[in-house]
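Inspection log for the structure reproduced underneath, given as structure tokens.
Residue numbers (this note's numbering): 1 to 185.
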């Protein structure tokens with residue numbers, strides 16, 4: 001019984017000592033860090049990714065279209081914009097140091113077929129389409145010249161219950177929506 005009471009006494013002391021120490025250091029910290037707390041409170045809050053309305057870098061500005069949402073922040077010159085409803089389209093935007101002809105050759109080499117160019121304002125996007133009916137995959141890869149390179153948009157459909165051809169047409173329409181919301185710098 002003495003050992004048990006002695007153990008309780010040590011446990012009580014162990015609890016009280018750190019509390020006493022932290023209490024006095026809390027008082028010191030409150031006085032010393034009052035300006036740090038103020039500066040943290042004044043720092044702007046970071047906007048959650050899905051609430052971003054614009055994504056920008058040195059080469060282009062991408063506005064998030066109505067009904068879409070940002071899927072990532074801008075990292076270097078890349079970002080993702082998503083359509084969170086059927087046909088669940090994902091658009092990856094990027095700037096690359098290559099020519100439109102190099103881009104075309106790469107697309108053709110990877111099995112993409114040229115589709116109609118899309119002109120928005122004074123910029124023309126060369127566009128390519130690829131599908132795999134067995135896997136229910138559809139992709140569009142497009143590019144437009146910008147300064148010493150190209151801005152690219154790569155779109156693909158996510159899972160959906162649409163007929164394959166209908167989903168392909170929706171993907172093409174979604175590409176046009178994305179192209180209309182990109183401003184080159």
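Beta carbons are placed, not taken as given, at the ideal position from N, Cα and C, and that holds for glycine. All of these numbers come straight from a predicted model, not from anything done at the bench.
Span of the alpha helix (DSSP H), counted from its first residue to its last, around residue i
i: residue 168; result: 164-180
i: residue 102; result: 100-109
First and last residue of the uninterrupted beta strand (DSSP E) at residue i
i: residue 123; result: 123-132
i: residue 59; result: Element bounds for residue 59: n/a, residue is neither H nor E.
i: residue 148; result: First-last for residue 148: undefined, no H or E at that position.
i: residue 94; result: 89-96
i: residue 82; result: 79-82
i: residue 50; result: Here residue 50 belongs to no beta strand (DSSP E), and DSSP marks it neither H nor E.
i: residue 113; result: 113-120
Cβ-Cβ distance between residue i and residue j below 8 Å
i: residue 100; j: residue 118; result: no
i: residue 130; j: residue 104; result: no
i: residue 78; j: residue 107; result: no
i: residue 120; j: residue 60; result: no
i: residue 178; j: residue 147; result: no
i: residue 181; j: residue 65; result: yes
Close-in-space but distant-in-sequence residues of the same chain around residue i (CB under 7 Å, 5 per side omitted)
i: residue 164; result: 133, 136
i: residue 167; result: 87, 138, 157, 160
i: residue 149; result: 95, 96, 97, 98
i: residue 174; result: 83, 89, 155
i: residue 123; result: 144, 184
i: residue 74; result: 55, 56, 57
i: residue 68; result: 81, 82, 83
i: residue 111; result: 130
Close beta carbons around residue i, own chain, < 8 Å, minus the five adjacent residues each side
i: residue 80; result: 70, 71, 72, 90, 91, 92, 93
i: residue 162; result: 86, 87, 170
i: residue 116; result: 127
i: residue 28; result: Here the model assigns residue 28 a pLDDT of 43, short of 50, so the residue's position is not dependable and the matter cannot be decided.
Close Cβ partners of residue i (< 6 Å) along its chain, the five nearest in sequence each way excluded
i: residue 52; result: 70
i: residue 63; result: 54, 181
For residue j and residue i, believed in contact at Cβ under 8 Å, the rounded distance
i: residue 185; j: residue 58; result: 7 Å
Proximity test, Cβ basis, 8 Å: residue i and chain C
i: residue 66; result: Among the chains of the structure shown, chain C does not appear; only one protein chain is present.
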